[in-house]
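Residue numbers (this note's numbering): 72 to 308. Ideal Cβ placement from N, Cα and C applies to all residues, glycine included.
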């Protein structure tokens with residue numbers, strides 16, 4: 072019996088090669104698609120993280136700084152006459168101004184150096200003047216939140232957000248004031264509308280921003296601020 076002659080290996084046919092190439096292209100294309108998708112998602116996450124960080128940091132700075140608005144080391148002097156005969160002096164830094172324009176909010180914080188209480192007794196150690204280096208504030212200017220860093224020669228506005236990363240679309244501050252009768256601080260009974268009152272001041276800060284590199288990514292934040300230095304008004308009779 073004759074054995075069949077072994078057939079020689081001649082390689083793959085053109086059809087087989089084309090099928091293999093097509094399958095390989097599908098695999099490579101799928102891998103590239105997944106890689107590009109992951110790259111885009113990673114980029115979006117980085118942009119969102121940067122936007123969140125910028126807006127959150129700005130809100131934290133505004134809240135922290137606004138809480139100390141109206142500080143005066145000897146605020147009680149605005150209510151009663153002291154034992155040395157000095158008349159009641161209003162707190163020169165008590166005012167807080169909220170505007171709907173680009174200035175946003177402005178306030179003052181006393182930066183006078185108070186003498187030691189042992190050296191001046193109960194007299195007023197700080198002055199009662201409103202000075203340039205005591206004026207603070209925040210504003211929205213051309214999509215950038217700015218903070219007033221005060222100096223003796225006037226306002227020094229500094230960027231609080233990075234314009235290369237964030238465009239702030241809106242910056243709004245809403246105030247809420249609650250007056251409280253404070254005539255209890257008077258050494259003698261006080262009657263009438265001129266008696267001391269304490270105004271508790273709260274502010275709602277709202278910031279809305281968009282990523283500069285991707286306008287589809289937005290972020291909004293709202294912060295509640297309670298000013299620690301209540302506003303005193305009126306005098307003891």
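| Check | Outcome |
| --- | --- |
| Per-residue burial, residue 221 [other beta carbons within 10 Å of its own, 16 or more giving buried] | buried |
| Residues bridged to residue 302 [DSSP beta-bridge criterion] | 270 |
| C-alpha distance - residue 296 paired with residue 241, whole-angstrom precision | 18 angstroms |
| Extent of the continuous beta strand (DSSP E) to which residue 296 belongs | 289 to 297 |
| Continuous alpha helix (DSSP H) stretch holding residue 131: start and end | 85 to 137 |
| Extent of the continuous beta strand (DSSP E) to which residue 222 belongs | Note, residue 222: premise wrong, no beta strand (DSSP E); not H, not E. |
| For residue 133 and residue 207, believed in contact at Cβ under 8 angstroms, the rounded distance | About 11 angstroms; that fails the 8 angstroms criterion. |
| Residue 251 and residue 269 closer than 8 angstroms at C-beta | yes |
| Under 8 angstroms between C-beta atoms of residue 237 and residue 282 | yes |
| Residue 180, DSSP secondary structure in three states | coil |
| Local conformation of residue 186 per DSSP, three classes | Caution applies to residue 186, whose pLDDT of 46 falls short of 50 and renders its modelled position unreliable; the model cannot decide the point. |
| Cα-Cα separation, residue 162 to residue 246 | 20 angstroms |
| Cβ shell of residue 300 (< 6 angstroms), same chain only, five flanking positions each side left out | 141 and 142 |
| Same chain only: Cβ atoms within 7 angstroms of residue 232, ignoring 5 sequence neighbours per side | 125, 129, 215, 216 and 239 |
| Helix, strand or coil at residue 155 according to DSSP, with G and I counted as helix | Its pLDDT being 44, under 50, residue 155 is placed unreliably in this model, and the value from its coordinates should be taken loosely. DSSP places residue 155 in coil when its eight states are reduced to three. |
| C-alpha distance - residue 145 paired with residue 137, whole-angstrom precision | 19 angstroms |
| Buried or exposed by the 16-neighbour rule on C-beta atoms within 10 Å, applied to residue 312 | Nothing about residue 312 can be reported from this structure: the residues present for the chain run from 72 to 308 only. |
| Residue(s) in a DSSP beta bridge with residue 255 | Per DSSP, none; premise fails for residue 255. |
| Cut-off 6 angstroms between Cβ atoms - residues of its own chain near residue 260, not counting five sequence neighbours on either side | none |
| Distance between residue 264 and residue 292 (C-alpha atoms, nearest Å) | 40 angstroms |
| Inter-residue spacing [alpha-carbon to alpha-carbon] between residue 244 and residue 178 | 13 angstroms |
| Helix, strand or coil at residue 144 [DSSP, three-state] | coil |
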